[in-house]
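Asker:
There are 2 protein chains.
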Amino acid sequence: MQTQTTPTGPQPQATGRSLEHPRREAIRLEDVLHALSDPMRMRVVRTLAEESAELTCSVIDLPVSKSTTTHHFRVLRESGVIHQIYRGTAKMNALRREDLEALFPGLLDSVLAAAALQEGRLGGDRG
Amino acid sequence: MQTQTTPTGPQPQATGRSLEHPRREAIRLEDVLHALSDPMRMRVVRTLAEESAELTCSVIDLPVSKSTTTHHFRVLRESGVIHQIYRGTAKMNALRREDLEALFPGLLDSVLAAAALQEGRLGGDRG
DNA sequence: GAAATAGTACGCCGATCGTCAAACTATACT
DNA sequence: AGTATAGTTTGACGATCGGCGTACTATTTC
Chain A
1 MQTQTTPTGP
11 QPQATGRSLE
21 HPRREAIRLE
31 DVLHALSDPM
41 RMRVVRTLAE
51 ESAELTCSVI
61 DLPVSKSTTT
71 HHFRVLRESG
81 VIHQIYRGTA
91 KMNALRREDL
101 EALFPGLLDS
111 VLAAAALQEG
121 RLGGDRG
Chain B
1 MQTQTTPTGP
11 QPQATGRSLE
21 HPRREAIRLE
31 DVLHALSDPM
41 RMRVVRTLAE
51 ESAELTCSVI
61 DLPVSKSTTT
71 HHFRVLRESG
81 VIHQIYRGTA
91 KMNALRREDL
101 EALFPGLLDS
111 VLAAAALQEG
121 RLGGDRG
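Protein chains in written order, with this note's numbering: chain A, 1 to 127; chain B, 1 to 127.
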């Protein structure tokens, strides 16, 4: 069922497993704020922002179980904060920067800056 | 126990009933985001921001019961988003703009802007 | 002191949350 | 085909959430 259009060399292609994402216009501020109000999810978002690239779930390595990790990534996806796509056995994650910036200008950046500032204040423990 | 410094004429002074507020340094980003992720509380915050003045709880008039209203105001206070003080039988509420701006620069404004934009998009129903 | 006003405290409810372990699915590698 | 890798699903758990009504407290006004 491969319906991919842009082959990218030796890396595995996207597969048929589908993931539901809210359309840009369907993203709601309260859902985004709720998604960001959990420390584990904030960690994911900050990592994604720092790397500014697609990352697999496992590369982020939260101190919770695999199933809890799955849960947090789903909350982030369903709230519209991240985009996920299957690639081989992995699932790539990326921030929906453009969509968020279009809907809520400056919000993501100020949240990320606030998180960084707070981490500094609290002594670098990131929690 | 009136320890008020700026008498403002015929209106009642602050009374002895005490309200716990987190110190500025104790305010946590995740608590603020959680506080703002509820539509009723967002309504309160937006109203406070628009009026840019102290308001009583009852002036804001949420479509929930009195006790639920009390609950929401407490969440906002305990998260550090608003400051509350008793004045006679009323309780005055104000945004902690300075503290929030010092801790999380630009955050409150971008959240308020985002809420306004979303209200526009969604047709002015404020929910 | 009595009535009115403004908000609190205390349970209670059903729903959602964050967490886990166990069993499972999908893909890749050999 | 068989094994390894990566993530999902399900169902459970205790905790928290947003909501309510009722009874209560504090203050002002009469």
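Backbone N, C-alpha and C fix where the C-beta goes; we use that ideal spot for every residue, glycine too.
Every value quoted in this text rests on a predicted model; they were computed, and no experiment measured them.
(1) Taking C-beta to C-beta, are L95 (chain B) and V45 (chain B) nearer than 8 Å?
(2) Would you list the one or two residues that DSSP bridges to A90 (chain A)?
(3) Write down the C-beta distance between L108 (chain A) and A115 (chain B) rounded to the nearest angstrom, noting that I regard them as a contact closer than 8 Å.
(4) Straight-line CA distance for E128 (chain B) to H83 (chain B)?
(5) Rounded to whole angstroms, what is the Cα-Cα separation between L112 (chain A) and L19 (chain A)?
(6) What distance in whole Å lies between the Cβ atoms of S37 (chain B) and H34 (chain A), which are believed to be in contact at a cut-off of 8 Å?
(7) When you compare each of B:S110, B:L117, B:L100 to R24 (chain B) by their alpha carbons, which one comes out closest?
(8) Could you run through the region 89–111 of chain B and flag, in chain order, every residue whose CB is less than 9 Å away from some CB of chain A?
(9) Evaluate Q41 (chain B) with the Cβ neighbour count: other Cβ atoms within 10 Å of its Cβ, from every protein chain shown; 16 or more gives buried, anything less gives exposed.
(10) Closer than 9 Å by beta-carbon distance: list the chain A residues that pair up with M40 (chain B), in chain order.
Answerer: According to the data block:
(1) Sequence index remark: in the second sequence, residue 95 (chain B) carries index 95 (1-based). Sequence index remark: in the second sequence, residue 45 (chain B) carries index 45 (1-based). For L95 (chain B) and V45 (chain B), yes; Cβs fall inside 8 Å.
(2) Position 90 of the first sequence, counted from the first residue, corresponds to residue 90 (chain A). A:R87.
(3) Taking the first residue of the first sequence as 1, we reach residue 108 (chain A) at position 108. Taking the first residue of the second sequence as 1, we reach residue 115 (chain B) at position 115. With a Cβ gap of about 15 Å, L108 (chain A) and A115 (chain B) do not count as contacting.
(4) Since the first residue shown for chain B is 1 and the last is 127, residue 128 (chain B) is missing from the structure and cannot be characterised.
(5) Against the first sequence, residue 112 (chain A) aligns to sequence position 112. Against the first sequence, residue 19 (chain A) aligns to sequence position 19. Taking the straight line from one Cα to the other gives about 26 Å.
(6) To locate residue 34 (chain A), count along the first sequence from 1; it is residue 34. To locate residue 37 (chain B), count along the second sequence from 1; it is residue 37. Rounded to the nearest angstrom, the Cβ distance from H34 (chain A) to S37 (chain B) is 4 Å, consistent with a contact under 8 Å.
(7) Along the second sequence, read from residue 1 onward, the residue named residue 24 (chain B) stands at position 24. Its Cα nearest to that of R24 (chain B), the residue B:L100 stands out among B:S110, B:L117, B:L100.
(8) L103, F104, P105, G106, L107, L108, D109, S110, V111
(9) For this step, residue 41 (chain B) is matched to residue 41 along the second sequence. Note that residue 41 (chain B) is Arg in the sequence shown here, rather than Gln. Answer is buried; the Cβ neighbour count reaches 16.
(10) Here residue 40 (chain B) corresponds to residue number 40 of the second sequence, with the count starting at 1. By Cβ distance, chain A contributes nothing, its closest Cβ being about 10 Å from M40 (chain B), past 9 Å.
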